[in-house]
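Chains as they are written, first to last, in our numbering: chain A, 48 to 158; chain B, 2 to 115. Backbone N, C-alpha and C fix where the C-beta goes; we use that ideal spot for every residue, glycine too. Working notes for the structure below.
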Amino acid sequence: KQEVTQIPAALSVPEGENLVLNCSFTDSAIYNLQWFRQDPGKGLTSLLLIQSSQREQTSGRLNASLDKSSGRSTLYIAASQPGDSATYLCAVINAGNMLTFGGGTRLMVKP
Amino acid sequence: KAGVTQTPRYLIKTRGQQVTLSCSPISGHRSVSWYQQTPGQGLQFLFEYFSETQRNKGNFPGRFSGRQFSNSRSEMNVSTLELGDSALYLCASLYGTGGGDTQYFGPGTRLTVL
């Protein structure tokens, strides 16, 4: 059974810092890994999708890497802003379209 | 393109009642999945429908059921509601199968069971 872990569970940083969020998974036979953002009480917004054959994906200030063999992914956020404050979730797909989610990292960026 | 829509956005029910939630996927998307989000358990997969057929099912009791219509819209039903069913219910849509596509989520339906 796939298990996904995100560390840290919460993070508070001053505006402008570069930061790294971590995601690990136990079963490396994944099809892809997806990073999401969730604002309080809202749905999930897709940030980046990394296919199993890829090593990284970039979108603006976000960069996500994937190391399937070690079961790890990182989300790098450059020059953080208060608007980046949210919960960040990673999820993997092993079969079909079923996502297995980590518990999330709650990020607070202070002005 | 319009995003994934879910109705209603908020629901309050009492124990023992049943409830039906609706999800309209992005136009052209054929797969709809449902997830339950609670503070204690996080996000958990309920089931997935593709072309009106249930393809995968999570580890939830039979009180949770769903269906998909020919226009890809999906409904999920929870019968005999329990307090523990209070949660944010999210649906996700994507175009194909095989796990290669981005999944897009709706805003969710917040269900409160009293």
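Asked                                                                                                                          : Found
Residue-level contact to chain B via CB, L80 (chain A), 8 Å cutoff                                                             : no
Rounded Cβ spacing between Q37 (chain B) and A88 (chain B) (contact assumed at less than 8 Å)                                  : 5 Å
Cβ shell of D86 (chain A) (< 7 Å), same chain only, five flanking positions each side left out                                 : A133
7 Å Cβ cut-off: residues of chain B touching Q101 (chain A)                                                                    : Within 7 Å Cβ-Cβ: nothing; Q101 (chain A) doesn't reach chain B, min ~11 Å.
Exposure label - N79 (chain A); buried when at least 16 CB within 10 Å                                                         : buried
Neighbourhood of S59 (chain A) by C-beta distance below 7 Å, restricted to the same chain and skipping five residues each side : M155, K157
S4 (chain A), buried or exposed, once every other Cβ within 10 Å from all chains shown has been counted against 16             : The displayed coordinates of chain A run from 48 to 158. Any statement about residue 4 (chain A) would go beyond what the structure contains.
Exposed unless 16 or more other CB atoms sit within 10 angstroms - verdict on P62 (chain B)                                    : exposed
Contact the region 129-149 of chain A vs the region 38-51 of chain B: 3+ CB pairs below 8 Å                                    : yes
Closer than 7 Å: S25 (chain B) CB and nearest the ligand FMN heavy atom                                                        : With respect to small molecules bound, the structure shown includes none, and the ligand FMN cannot be examined in it.
R153 (chain A) beta carbon less than 8 Å from that of A57 (chain A)                                                            : yes
Any 3 or more C-beta pairs closer than 8 Å across the region 19-39 of chain B and the region 66-74 of chain B                  : yes
Per DSSP, the bridge partner or partners of S23 (chain B)                                                                      : B:T8, B:E76
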